[in-house]
Amino acid sequence: MIIAVDGPAASGKGTIARALARHFGLPQLDTGLLYRAVAEKVTRMELDHSIEADAVAACDFDDALLDDPVLRQDEVGKLASIVSAHPLVRAALFHRQKRFAAQPGGAVLDGRDIGTVIAPDADAKLFVRATPSIRAKRRHAELRAQGSTLSLDKVLADIRARDLRDSTRSTAPLVAAQDAALLDTSFLSIEASVQRAIELVERQVALKAERDAHRG
Ligand code: CDP
Ligand code: CDP
Numbered sequence: 163m164i165i166a167v168d169g170p171a172a173s174g175k176g177t178i179a180r181a182l183a184r185h186f187g188l189p190q191l192d193t194g195l196l197y198r199a200v201a202e203k204v205t206r207m208e209l210d211h212s213i214e215a216d217a218v219a220a221c222d223f224d225d226a227l228l229d230d231p232v233l234r235q236d237e238v239g240k241l242a243s244i245v246s247a248h249p250l251v252r253a254a255l256f257h258r259q260k261r262f263a264a265q266p267g268g269a270v271l272d273g274r275d276i277g278t279v280i281a282p283d284a285d286a287k288l289f290v291r292a293t294p295s296i297r298a299k300r301r302h303a304e305l306r307a308q309g310s311t312l313s314l315d316k317v318l319a320d321i322r323a324r325d326l327r328d329s330t331r332s333t334a335p336l337v338a339a340q341d342a343a344l345l346d347t348s349f350l351s352i353e354a355s356v357q358r359a360i361e362l363v364e365r366q367v368a369l370k371a372e373r374d375a376h377r378g
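Numbering (the numbering used here), first residue to last: 163 to 378.
Here you go:
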């Protein structure tokens with residue numbers, strides 16, 4: 163069973179993907195971390211994030227980098243959004259994500275283009291969203307807990323800029339797959355979001371089984 167979870171920053175997709183993985187007993191891949199690792203390596207190599215060849219040179223990062231807490235920083239998310247717009251960077255990370263999705267038993271992947279590009283045939287697809295101001299409040303609370311003093315207004319401006327960059331890029335823009343179930347978490351607690359996600363996945367899986375049975 164492959165479950166695709168997409169959505170913008172701080173919509174709750176990571177929380178939901180982790181809970182789905184636990185619930186269904188599947189491995190999970192946070193694909194945003196891959197782009198964050200490339201961004202961080204570009205920084206360490208003192209190269210330019212906006213130059214495609216520079217970002218491509220950073221795509222062979224060491225797997226240990228994926229565990230580095232520095233990747234969680236807001237600045238790295240912003241730089242990840244810049245390197246992720248380069249088509250050759252997306253191509254370089256494509257097979258790794260495909261392989262993860264194809265493992266026996268299935269997987270949960272979360273990101274921006276899982277339901278559209280990485281796993282268009284996923285058994286269940288969720289597009290998680292929430293209003294920009296609620297997402298900014300969530301991200302702001304997380305950053306404060308990490309000791310950041312960024313203002314809520316600045317976090318909101320950053321979220322809007324990232325939404326715009328991610329949804330207007332020409333390759334694999336952030337967009338809900340046509341067959342994705344929409345899950346708006348704006349006014350849902352974490353528990354309620356997870357419960358709703360499980361219901362939506364179960365419904366999609368049941369419908370797919372029915373369709374497959376009809377096809378014989
Ligand atoms: O957790 P948050 O949504 O803030 O960020 P993330 O999922 O770690 O993704 C960081 C950046 O990587 C995003 O702004 C996207 O530009 C990019 N990304 C992408 O292009 N495709 C994916 N499948 C995942 C992330
Ligand atoms: O992965 P993504 O950036 O989409 O979001 P996340 O890391 O799952 O969630 C961002 C923050 O929102 C986390 O601190 C979650 O605990 C919180 N959250 C929430 O307050 N209410 C929800 N319904 C979902 C997530």
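Every residue, glycine too, gets a C-beta built ideally from N, C-alpha and C.
State the start and end residues of the unbroken beta strand (DSSP E) segment that holds residue i.
{"i": "G388", "result": "Residue 388 falls outside the range modelled here, since the chain spans only 163 to 378, and no answer is possible."}
{"i": "A269", "result": "269-273"}
{"i": "L191", "result": "190-192"}
According to DSSP, residue i sits in a beta bridge with which residue or residues?
{"i": "K287", "result": "A166"}
{"i": "L345", "result": "V290"}
Comparing the C-beta of residue i with each C-beta of chain B, is any distance below 8 angstroms?
{"i": "F256", "result": "The chain labelled as chain B is not found in the depicted structure, where only one protein chain is given."}
Assuming residue i contacts residue j under a Cβ cut-off of 8 angstroms, what Cβ separation, rounded to an integer in Å, is found between them?
{"i": "D275", "j": "A179", "result": "That pair is no contact at about 14 angstroms."}
{"i": "L209", "j": "A201", "result": "About 11 angstroms; that fails the 8 angstroms criterion."}
{"i": "A137", "j": "R327", "result": "Lying before the first or after the last residue shown, residue 137 is absent from the chain, which here runs from 163 to 378."}
{"i": "V290", "j": "V167", "result": "6 angstroms"}
{"i": "P335", "j": "Q265", "result": "Their Cβ separation, rounded to whole angstroms, is 27 angstroms, which puts P335 and Q265 out of contact at 8 angstroms."}
{"i": "L182", "j": "L233", "result": "Not confirmed; about 22 angstroms, so no contact."}
{"i": "T293", "j": "S351", "result": "About 16 angstroms separates the two Cβ atoms, so there is no contact after all."}
{"i": "D325", "j": "P170", "result": "5 angstroms"}
{"i": "A286", "j": "V363", "result": "4 angstroms"}
{"i": "A242", "j": "R198", "result": "4 angstroms"}
{"i": "L305", "j": "D236", "result": "6 angstroms"}
{"i": "A354", "j": "L288", "result": "Wrong, their Cβ atoms sit about 14 angstroms apart, outside the cutoff."}
Is it buried or exposed for residue i, if we count other Cβ within 10 angstroms and need 16 for buried?
{"i": "H376", "result": "exposed"}
{"i": "I213", "result": "exposed"}
{"i": "Q259", "result": "buried"}
{"i": "R297", "result": "buried"}
{"i": "S173", "result": "buried"}
{"i": "A215", "result": "exposed"}
{"i": "T311", "result": "exposed"}
{"i": "H257", "result": "exposed"}
{"i": "G267", "result": "exposed"}
{"i": "G277", "result": "buried"}
{"i": "T193", "result": "buried"}
{"i": "S313", "result": "exposed"}
{"i": "G239", "result": "buried"}
{"i": "G378", "result": "exposed"}
Could you please give the first and the last residue of the uninterrupted alpha helix (DSSP H) stretch that includes residue i?
{"i": "A307", "result": "294-307"}
{"i": "A242", "result": "236-245"}
{"i": "D315", "result": "314-330"}
{"i": "D216", "result": "214-219"}
{"i": "Q366", "result": "352-377"}
{"i": "Q259", "result": "249-263"}
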